[in-house]
Structure formats: structure tokens, C-alpha cells
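Residue numbers (my numbering): 183 to 635.
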């Protein structure tokens, strides 16, 4: 260990974790992603059940990008500065977020107006964002470099599993539960939200109780206590992190713009596309389309958790950059065929490409990102990476309504083609990034990431 007044580095060998331990540590992501699955598939149909117009869907979904933009970097910076011998560093944040998710999921199906659904979506997204990035930083805190691929792709596995259960529950409950609320929301939608409320808090509690955090070394603790706390200090930390952000992370931000803009279009318009091409234009047809969309989204997430760990081996052998590029191309090719499909069963074939890409999106870029940043700032940089996700979502929310009405002729199928084109652009841009090499397990306590990361 070497020290001077400008830089303190701690060379620490983190203990290897067994695969069961890695899975238990990531189990909380299952509940968090069930919530995200309900947002993907059920929230927009709820808006429609309450009378919202399709061209208003991007604006009604502003909650996700804005709460992510404001909350995740702050929560990440605060978690970097937090240490409690009893509660740890990251756990308090994703536990509070899970409680908020459970409450919002429980209340959501009881809304009676669009404004109530919008308000609850804001609260649900705020809770999701409070939990999400500290959880990613938690994985990076715990695992040595040799196991980071397994750790992040275990999150992809539970992402697929959580979203699969959310979507399949919509499909199954629609077959067995009849009736609806006075506001027009079917009881089978209510059942899926109730299940999500239980999964959200239950899975996070298991992870919290079964996985201890690594205590900071004396040098880290001294550096932590020397930092000023509060909102102002957190904002200053975010600004400093932006100033010193590695060039390759800037390039990843460009990839993320096209990748996430395209993914949001898919989530907003796949149900409308399926309803337009595969089911009769009646209220019953609309409900069947929502349920089938749940099955389609559940299917691609089954693919996600089926291939997640295989991507670890491919990323090690071929490089994370190339793997992510190929996965995005598979998604683009699959989505490009969707608007031409009229058979509801045939759509399950091209959606396989999206499932493979979703496994990569939720894990592979993070394998590269953690090589670029010091572990003492995992929280703030994970928050910044999330800003790279939510800014495209925000831009999509305020821009795509005009694009949809003016350039795409108000046709849902054209929106899906637009999403396919953006995912293809993201795939090509991945080749622009110079993939960082694997580094030793060195934690820079005060230094910013420069050359060598």
C-alpha cells in the first residue's frame, strides 16, 4: 500500500463468492424488475382503460426519465458517502426503494383517473430509482474483477425472471379472473400488481438479510469521514465526476442514446402494434392484445434469463463490445419484421432477438463501465450512467409524439420500425468504443479515473 497527499490507493483482494451467493445477492433485482415489468406492459394499457389518447403516451411516461435524471445520481453520490456499521452503505437505499415500490404497486390498480395513475407512476419510478443504482454499485463493491461479469449478468438473469413473471401473470390472470373496477381496470390487472407488491419487498429483504457488505478499510473510512455531507456536497461530487469522466464513457453515452430511445418506443407501442395487426378492433380485442403483449414480453424475458450467463463466456472470449454489438443487431433485425406479422404466435420468433439484446443491455455494458471508474465512486458513476439512460428517455418523451403523428402517420407498426433502426445505429456505434482492459482490484480512495482505467 502506498500513500501520499495527492492519492491513496488500497490494494484489496475481495473474496470470491460462490454462484449461490451471487444469486442470493442479486435476488432483490427480481422484485425491482417485476415492478419495471409492470411499467413496461401494464401502465400504458391502464392509461388507455382510463381514457388516455395513444399519442399522449410519451408525455404520460415522463416520470421514468425525470425521476431517474434527478434521483439516481444523487442517491449514488449519497451512497458513496454513507457507511453505517449496522445498515451498511448501499442497503438502506435499495431497501427504502423496495418498500416504496411495494406500496405503489399495491395502490396502482385502484386509481380512477389518469392524473392519479400519473402521480403513482412518478412515485413508483422514484422508488425504483432509489433502489436501482445503489444495487448495481453493491455488486461492484462485493465482487473482484474476475467475477464482475457473473455479477452483472446475474442481474440480467433476475431482470428477465422478474419481468417474465410480471408479464406472464398478466396473461394467466386474464384467463381466470373476470370483472373490473368502476374505473374500467380489469381485476386480472389488479392481481398482477398485488403479486408485484409482495415480490418487490420480499426478494429485497432476502438479499439484504443474507448478504453482508464489505466494511471500508481504515483509509477508506478516513477519506469517507473527511468528505462533507449534504445535498450541496453530493451535487458537487456529481459535477466533479462529470468533469473527469473517461472518454470511452462519453462514447458509451452516444450508444445509449440510440439504444434507450429505441427500447422506450418498443415498450410504448408494442401493445398497440399487436392490437392493430393481430386482434379485432373491439374492447375485447384490446384486452386480448394487452394480455398477449404480456406473453410476448414475458417470452423475450424468458430468453433473457436463459442466455444471460452464456453471455459471460462470450464477453470473456470475444470482448464485451463485440458481444453487445451483435446482440443489438439481433434485436433490430427481429423488430424490423414485427409490423408485417399478423399471426400472434409467429411474433414469438423475432422477439427472441430482443430477449438476447435485453440480457446484454442489462449486464454487458456495465462490465466495461466498471473498468473505467474507481470503486470508491461506483455509486455516483452508476448514477451518471443511469442519466445516460434516462436522458434519451426524456428526449423520446417530448419528441416522439410529434414524430409519431407527423412522420409515422400515427401507425404503431411504423414506430416499431423506427425503434429497430435506432437499435441498429446503436449496434454500429458500439464498434467506436475502445474496450478497457481488465484491471487489478485496486480501489482509488481519492483519485479520479485517468489513464490506466
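Yeah, the Cβ is synthetic: ideal placement off N, Cα and C, and Gly gets one too.
Measure the alpha-carbon distance for residue i versus residue j and round it to whole angstroms.
i: residue 578; j: residue 238; result: 12 Å
i: residue 400; j: residue 374; result: 47 Å
i: residue 283; j: residue 610; result: 36 Å
i: residue 499; j: residue 331; result: 12 Å
i: residue 197; j: residue 359; result: 48 Å
i: residue 606; j: residue 430; result: 20 Å
i: residue 354; j: residue 370; result: 8 Å
i: residue 234; j: residue 294; result: 12 Å
i: residue 187; j: residue 571; result: Because residue 187 sits at a pLDDT of 35, beneath the cut-off of 50, its placement in the model cannot be relied upon, and the point is left open.
i: residue 404; j: residue 382; result: 35 Å
i: residue 642; j: residue 477; result: A question about residue 642 goes unanswered here, because the residues of the chain that appear run from 183 up to 635.
i: residue 484; j: residue 216; result: 13 Å
i: residue 199; j: residue 494; result: 16 Å
i: residue 440; j: residue 278; result: 32 Å
i: residue 256; j: residue 540; result: 26 Å
i: residue 616; j: residue 510; result: 18 Å
i: residue 291; j: residue 220; result: 11 Å
i: residue 516; j: residue 507; result: 14 Å
Can you say whether residue i is buried or exposed, counting buried as having 16 or more other CB atoms within 10 angstroms of its CB?
i: residue 492; result: exposed
i: residue 432; result: exposed
i: residue 361; result: exposed
i: residue 276; result: buried
i: residue 323; result: buried
i: residue 503; result: buried
i: residue 241; result: exposed
i: residue 201; result: exposed
i: residue 261; result: buried
i: residue 397; result: exposed
i: residue 580; result: exposed
i: residue 574; result: buried
i: residue 586; result: buried
i: residue 589; result: exposed
Spatial neighbours of residue i within its chain, please: CB distance less than 8 Å, with the 5 preceding and 5 following residues excluded, ordered by chain position.
i: residue 206; result: 388, 389, 392 and 393
i: residue 364; result: 294
Between which residues of its own chain and residue i is the CB-CB distance below 6 Å, once the five residues before and five after are set aside?
i: residue 470; result: 461
i: residue 444; result: 601, 604 and 605
i: residue 270; result: 395
i: residue 482; result: 533, 536 and 537
i: residue 356; result: 370 and 473
i: residue 214; result: 313
i: residue 212; result: 340, 343, 344 and 385
i: residue 530; result: 481
i: residue 612; result: 437, 503, 506 and 507
i: residue 184; result: In this predicted model, residue 184 has a pLDDT of only 39, less than 50, meaning its place in the structure is not dependable; the value taken from the coordinates is given anyway. Within the same chain, residue 184 has no close Cβ partners at all.
Skipping 5 residues on each side, what residues in its chain have a beta carbon closer than 7 Å to that of residue i?
i: residue 286; result: 302, 305, 306 and 309
i: residue 142; result: In the structure displayed, the chain extends from 183 to 635; residue 142 sits before or after that span and is not available.
With respect to 8 Å, is the separation between the Cβ of residue i and the closest non-hydrogen atom of the ligand SAH below this value?
i: residue 511; result: Ligands displayed in this structure: none; no statement on the ligand SAH is therefore possible.
Quick test of your reading: residue i and residue j, contact by CB under 8 Å. State the CB separation rounded to the nearest angstrom.
i: residue 458; j: residue 545; result: Incorrect: roughly 33 Å between the Cβ atoms, too far for contact.
- Entirely enclosed alpha helix (DSSP H) segments - the stretch 550-615, minimum 4 residues: 560-584 and 594-612
- Message: Going residue by residue through the stretch 314-379, where are the continuous alpha helix (DSSP H) segments of at least 4 residues, counting only ones entirely within it?
- Response: 330-358
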